[in-house]
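Here the structure comes first, spelled out in structure tokens, and everything after it is commentary.
Chains as they are written, first to last, in this note's numbering: chain U, 1 to 305; chain D, 1001 to 1139.
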């Protein structure tokens, strides 16, 4: 039985395979509409989410399956003190596959220790969010046609931004990518990612605090939100939250084929005026999330069209 | 100072000076009913000074704990006053229920009944990472 707890659980070949299936789903959706008939996906969201939960549910419904679950801890037995392990043991009796989001880091690993059905980590605190990474990879692949030879900028909260950490480690498997990390000093990429991934694999990267300076060199720009929920100190959040705001003026210096991504939700970091720019691809990115999750559900259930 | 040699039991030798109490605690030697001698700062030609623990019983020793605390430790098995086996320990790949994660956001902190697991992620720097949340622990 396979789980997806961390993007590193998948080999490069498996990621490529998921992207190939997702692109085939986009091209031929009718081929997949009954693949999961009579199968049930449980979405256990111990923490609120809009996109991730709905995209999982839409993915299962588009595969012809059914969904059940809860969307916040207060509507589950967690509010009565039930452990993650007990919840999972019970739900394994009701569903064929489980997607779970939990505010505590490592909760999906605890779930996987007792589960008899595949577990998908749909986000565990500031730790991992592998299906967002798969979404980002599918989007990059659809926009560029490959994962090689481009410059990608990551801008905003690179310290707590789990989507950034996972995407960097996933892209590190490919060649010819130059990474530009744009952040204030307090929200720089953690040292262990620089040591264990970038330096260890001799990857090309730079760190800067100026989005304007980096902009002309970028082929892809991955914007992130400064997340209020990751700060213990509200004053630090308020001081840092509007450090970078992408607006049409800043985009004047960008390449005409720049591709702007954002895991969403955004707050102020991308001006709404940018939404109509053809280089803004973040809503297409969100839609891609459904297709890659369809491919993933099929893979973990061992089903093919 | 003279400590009697043991007839049947285990000698943990070549412990880095100052580490014996940590080993005593991690191995739970306080729970034993037999004699346990801790010798601190014994003279050593190799190490200058070292700690030694003598246990007057053949108990199961968690070699992973020893390897984690100090991979230079040797484990001597004594039978009828004779050394019958000498074991060398090494840095273990996995530590179970030895360390506690210090990350307040880790599930093992809010659900302390969970089995603690740390994996060796950098042998050279002796870094272990929590299997749940990847928080790093430098030895």
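We treat Cβ as the ideally placed atom computed from N, Cα and C, and that holds for glycine.
In this text the structure is predicted, and so the values were computed from the model without any measurement.
Does DSSP put residue i in a helix, in a strand, or in coil?
| i | result |
| --- | --- |
| residue 299 of chain U | helix |
| residue 1043 of chain D | strand |
| residue 1049 of chain D | strand |
| residue 181 of chain U | strand |
| residue 14 of chain U | helix |
| residue 69 of chain U | strand |
| residue 1140 of chain D | This structure cannot speak to residue 1140 of chain D, because chain D is shown only from 1001 to 1139. |
| residue 249 of chain U | helix |
| residue 1 of chain U | coil |
| residue 154 of chain U | strand |
| residue 78 of chain U | helix |
| residue 1121 of chain D | strand |
| residue 57 of chain U | helix |
| residue 1110 of chain D | helix |
| residue 269 of chain U | coil |
| residue 1083 of chain D | strand |
| residue 237 of chain U | helix |
| residue 7 of chain U | helix |
| residue 95 of chain U | coil |
Are the C-beta atoms of residue i and some chain U residue less than 8 Å apart?
| i | result |
| --- | --- |
| residue 1056 of chain D | no |
| residue 1097 of chain D | no |
| residue 1116 of chain D | no |
| residue 1106 of chain D | yes |
| residue 1131 of chain D | yes |
| residue 1139 of chain D | no |
| residue 1134 of chain D | yes |
| residue 1093 of chain D | no |
| residue 1111 of chain D | yes |
| residue 1103 of chain D | yes |
Would you say residue i reaches chain D, if we count a Cβ-Cβ gap shorter than 8 Å as a contact?
| i | result |
| --- | --- |
| residue 125 of chain U | yes |
| residue 304 of chain U | no |
| residue 106 of chain U | yes |
| residue 83 of chain U | yes |
| residue 192 of chain U | yes |
| residue 109 of chain U | yes |
If you follow the alpha helix (DSSP H) that residue i is part of, which residue opens it and which one closes it?
| i | result |
| --- | --- |
| residue 164 of chain U | 162-171 |
| residue 280 of chain U | Unbroken run through residue 280 of chain U: none, as it is neither H nor E. |
| residue 64 of chain U | Counting along the chain, residue 64 of chain U falls outside any alpha helix (DSSP H), and DSSP gives it neither H nor E. |
| residue 204 of chain U | No alpha helix (DSSP H) holds residue 204 of chain U; the beta strand (DSSP E) holding it covers 204-208. |
In the DSSP assignment, find the beta strand (DSSP E) that holds residue i and state where it starts and stops.
| i | result |
| --- | --- |
| residue 1137 of chain D | 1136-1138 |
| residue 1095 of chain D | 1094-1096 |
| residue 35 of chain U | Residue 35 of chain U -> no beta strand (DSSP E), and no H or E assigned at all. |
| residue 221 of chain U | 220-223 |
| residue 1133 of chain D | Segment: none, residue 1133 of chain D is in no beta strand (DSSP E) and carries neither H nor E. |
With DSSP as the reference, identify every bridge partner of residue i, one or two as the case may be.
| i | result |
| --- | --- |
| residue 1011 of chain D | D:1054, D:1076 |
| residue 1027 of chain D | In the DSSP output, where bridge partners are listed per residue, residue 1027 of chain D has none listed. |
| residue 1088 of chain D | D:1074 |
| residue 121 of chain U | U:100 |
| residue 44 of chain U | U:70, U:100 |
| residue 244 of chain U | For residue 244 of chain U, which the question treats as bridged, DSSP gives no partner whatsoever. |
| residue 115 of chain U | BP columns for residue 115 of chain U are empty, so no partner. |
| residue 261 of chain U | U:222 |
| residue 274 of chain U | BP columns for residue 274 of chain U are empty, so no partner. |
| residue 1036 of chain D | D:1055 |
Segment contact flag, the segment 239-254 of chain U with the segment 2-22 of chain U, C-beta cutoff 8 Å, min 3 pairs
no
When the Cβ atoms of the segment 1003-1013 of chain D are set against those of the segment 158-177 of chain U, are three or more pairs found closer than 8 Å?
no
Taking contact to mean at least 3 C-beta pairs separated by less than 8 Å, is the segment 84-101 of chain U in contact with the segment 111-120 of chain U?
yes
For the structure I just gave you, are there three or more beta carbon pairs, one from the segment 61-69 of chain U and one from the segment 3-22 of chain U, closer than 8 Å?
no
Taking one C-beta from the segment 1034-1053 of chain D and one from the segment 1074-1086 of chain D each time, how about it: are there three or more such pairs within less than 8 Å?
no
Three CB pairs or more closer than 8 Å across the segment 1088-1099 of chain D and the segment 98-113 of chain U:
no
The segment 28-41 of chain U / the segment 288-302 of chain U touching (three or more Cβ pairs under 8 Å)
yes
Three Cβ pairs or more, each shorter than 8 Å: is that satisfied between the segment 201-216 of chain U and the segment 123-134 of chain U?
no
For the segment 171-181 of chain U against the segment 237-245 of chain U, do three or more pairs of beta-carbon atoms, one drawn from each stretch, fall closer than 8 Å, so that the two count as touching?
no
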